[in-house]
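7 is the number of the first residue of the sequence shown in the numbering used here; add one for each residue after it.
These notes are about the structure you will find just below.
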Amino acid sequence: MKLGGLLKSLAPTIANAAGGPLAGMAVKIAASKLGLPSTATANEIEDLIEREPDKAVSLKLADNEFKDRIKEMEIDLESFKVEVEDRQHARETFKNDWTPKVFCILTLVLYGAFVLMVTMMPHDQNDETIISLVLGQLSGILGTAAAFFYSGQSTKQS
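Structure representation (structure tokens):
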């Protein structure tokens, strides 16, 4: 979504959110304040302001409402960006470290061995509470391991 200087100067919060996860909400708030359909784009909003400069006040109100909505939801866009950068840095730092790989492989082997052991044991010797506890813990560790290696990567590495 390409934004001109008009929207950036009149509604900086909405303009900063454009292109991010809150872009849809920001544009919908602005469109509703300006009397546009909820499917309006940022460019259509700018066109309306250029044609009818008196609507700039409504756009400022929309920007303030969007700021309030962000505060209500306790969203800090800057901390989100820092968190994403931190995750990428951690992946880059530990990509050649063998420790997470060993833990993941060990967890996978233990998970398989435990499932095999529970399957082979007679049913009356199994304590379902302990089985559920161990399988739950191992499943959580496997999920975390998969997230460590695969989450957030949108590009293939050569």
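Positions of the beta carbon are idealized from the N, C-alpha and C atoms, including for glycine.
This one's a predicted model, so the numbers in the text were calculated from it and none came from an experiment.
Please name the residue, chosen from P106, A46, P43, A68, that lies closest to A36 on a Cα-to-Cα basis. Reading the sequence shown from its first residue, position 30 is the one you call residue 36. For A36, the nearest C-alpha among the options comes from A68.
Leaving out five residues on either side along the sequence, give the residues of the same chain with a beta carbon under 7 Å from the beta carbon of F154. By one-based count along the sequence shown, residue 154 stands at place 148. Cβ within range, chain order: P106.
N-terminal and C-terminal residue of the alpha helix (DSSP H) that D69 is part of: Position 63 of the sequence shown, counted from the first residue, corresponds to residue 69. DSSP places D69 in the uninterrupted alpha helix (DSSP H) bounded by 62–79.
According to DSSP, is G146 part of a helix, a strand, or is it coil? On the sequence shown, position 140 is the one that residue 146 refers to. Correct three-state label for G146: helix.
Start and end of the alpha helix (DSSP H) containing P106? Numbered from 1 along the sequence shown, position 100 holds the residue referred to as residue 106. DSSP places P106 inside the alpha helix (DSSP H), whose first and last residues are 105–126.
M7 to A48, Cα distance in whole Å? Against the sequence shown, residue 7 aligns to sequence position 1. Against the sequence shown, residue 48 aligns to sequence position 42. Bear in mind that a pLDDT of 38 at M7, under 50, signals an unreliable position, so the number given afterwards is only what the model happens to contain. Going by the C-alpha atoms only, they are around 7 Å apart.
Return the residue from the list K66, T19, F120 that minimises the CA-CA distance to K39. In the sequence shown, residue 39 corresponds to position 33, counting from 1. For the residues K66, T19, F120, the minimum Cα distance to K39 belongs to K66.
Should I51 and L42 be called a contact, given that it needs their Cβ atoms to be closer than 8 Å? For the purposes of this step, residue 51 is taken as the residue at position 45 of the sequence shown. For the purposes of this step, residue 42 is taken as the residue at position 36 of the sequence shown. Against a cut-off of 8 Å, the Cβ pair of L42 and I51 comes out as a contact.
Taking C-alpha atoms, which residue in K101, E89, S44, L16 lies nearest to V63? On the sequence shown, position 57 is the one that residue 63 refers to. Among K101, E89, S44, L16, the Cα nearest to that of V63 is on L16.
Between the alpha carbons of A21 and V88, how many angstroms are there, rounded? Counting from one through the sequence shown, the residue named residue 21 turns up at place 15. Counting from one through the sequence shown, the residue named residue 88 turns up at place 82. Spanning the two alpha carbons is a distance of roughly 20 Å.
Could you have a look at K14 and say whether DSSP puts it in helix, strand or coil? Along the sequence shown, read from residue 1 onward, the residue named residue 14 stands at position 8. Correct three-state label for K14: helix.
I'd like the span of the alpha helix (DSSP H) that includes K101, first residue to last. Here residue 101 refers to the residue found at position 95 when the sequence shown is read from its first residue. Run containing K101: none; DSSP gives neither H nor E here.
So the candidates are S157, D60, V90, I147; which of them puts its Cα closest to the Cα of T113? Start at 1 with the first residue of the sequence shown, and residue 113 comes out as number 107. Comparing Cα-Cα distances from T113 to each of S157, D60, V90, I147, the minimum goes to I147.
Own chain, CB closer than 6 Å to A23, minus 5 neighbours either side, in chain order: For the purposes of this step, residue 23 is taken as residue 17 along the sequence shown, with counting starting at 1. The answer, listed in chain order, is A29, A32.
So F120 and L144 are in contact, right, with Cβ under 8 Å, and what is the actual spacing, rounded? Here residue 120 refers to the residue found at position 114 of the sequence shown. Here residue 144 refers to the residue found at position 138 of the sequence shown. Their Cβ separation, rounded to whole angstroms, is 7 Å, which keeps F120 and L144 in contact under 8 Å.
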